[in-house]
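These protein sequence lines map, in sequence, to chains A and B.
Note that the numbering used here gives residue 47 to position 47 of the first sequence, counting from 1, and the numbers run on in steps of one.
Note that the numbering used here gives residue 1002 to position 2 of the second sequence, counting from 1, and the numbers run on in steps of one.
One structure is given below, encoded as structure tokens.
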Amino acid sequence: DVKVTQSSRYLVKRTGEKVFLECVQDMDHENMFWYRQDPGLGLRLIYFSYDVKMKEKGDIPEGYSVSREKKERFSLILESASTNQTSMYLCASTRLRGGVETQYFGPGTRLLVL
Amino acid sequence: AQSVAQPEDQVNVAEGNPLTVKCTYSVSGNPYLFWYVQYPNRGLQFLLKYITGDNLVKGSYGFEAEFNKSQTSFHLKKPSALVSDSALYFCAVRPSPENTGFQKLVFGTGTRLLVSP
């Protein structure tokens, strides 16, 4: 079974802090994604990566950056956390670029910014 | 641009009754359609997908979905609901890879299913 893990289930940070969310997948998937989930808005794509060191903006990249130094790991960085970034963050991965394989999701990180 | 609509924020059904969770989509070209489920404090889990072929797709946990091209719908169904089916359900769409470049998955806003004993 594919396993996608996220470094924290819950995080509490203060406004202005730099926040790192880590995601690791164990199935050699090429594509990895970061979404945020908010009530009434569903899932919105923040960034994705289709290869090591490659990244592309999703629908809502403002205030975020990402890093993919190794194929199995995709990090989301909040450079200066703000209260409007309080949300559930979900990481996902798929095998092939442009393919229709299922997206496999991690358990999510619920971030609260005070 | 592609989009997905889930017109119901919540669906209530009694255990043992059939359930339907609605989804309509808008996409250029042929759609690839997905249903995911999210249990409390969990990530999303894949239920089923439609790529091509038979309009009735069977998935995990006894769920199925019917692709209707003329109505641009992909409703999720189950003949007999269980209390354990209570969760948040997301429909998602992406265009078929006839277009070049990366085609992202677009999710609906989710429908909460509540199955009462």
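Glycine residues also receive a C-beta, built at the ideal position from the N, C-alpha and C atoms.
None of these values were measured; they are calculated from a predicted model.
Any chain B beta carbon closer than 9 Å to residue i
i      : result
Y104/A : yes
T74/A  : At residue 74/A the sequence reads Phe, which differs from the Thr that was named. With 9 Å as the cut-off, F74/A does not count as an interface residue toward chain B.
P61/A  : no
Y35/A  : yes
S81/A  : The amino acid at residue 81/A is misidentified as Ser; the sequence shows Ala. False, the Cβ-Cβ gap to chain B never drops below 9 Å.
L127/A : Nothing about residue 127/A can be reported from this structure: the residues present for chain A run from 1 to 114 only.
R68/A  : no
Nearest-angstrom Cα separation, counted from residue j out to residue i
i       : j       : result
L1033/B : R1042/B : 22 Å
S1073/B : N1055/B : 11 Å
A1065/B : G16/A   : 45 Å
V1021/B : L1076/B : 5 Å
A1092/B : S75/A   : 24 Å
R1112/B : P1007/B : 11 Å
P61/A   : L1047/B : 28 Å
C23/A   : K1104/B : 19 Å
L1088/B : K1058/B : 19 Å
P1018/B : S87/A   : 33 Å
V1106/B : L90/A   : 14 Å
Y1009/B : V1115/B : As written in the sequence, residue 1009/B is Asp, which differs from the Tyr given in the question. Distance between the alpha carbons of D1009/B and V1115/B: 14 Å.
G1108/B : K70/A   : 31 Å
D51/A   : S1060/B : 30 Å
First through last residue of the beta strand (DSSP E) which encompasses residue i
i       : result
A1065/B : E1064 to N1068
R1112/B : T1111 to S1116
T1020/B : L1019 to V1021
L1056/B : L1056 to K1058
K13/A   : Y10 to K13
I77/A   : R73 to L78
D115/A  : Past the boundaries of the shown model lies residue 115/A; chain A is included only from 1 to 114, so the question cannot be answered.
A81/A   : Premise fails: A81/A is in no beta strand (DSSP E) and is neither H nor E.
Contact with chain A by residue i, beta-carbon distance below 9 Å
i       : result
F1063/B : no
G1053/B : no
G1029/B : no
T1109/B : yes
L1105/B : yes
D1085/B : no
Y1025/B : no
K1022/B : no
9 Å Cβ cutoff met for residue i and residue j
i       : j       : result
Y1036/B : F105/A  : yes
K1078/B : G1062/B : yes
E79/A   : K18/A   : yes
K1049/B : T102/A  : yes
L114/A  : R14/A   : yes
P1031/B : Q1002/B : yes
T83/A   : Q6/A    : no
Contact between the segment 38-57 of chain A and the segment 19-28 of chain A (3+ Cβ pairs under 8 Å): no
Residues in the segment 35-54 of chain A having any Cβ partner in chain C nearer than 9 Å: The chain labelled as chain C is not found among the protein chains of the depicted structure, namely A and B.
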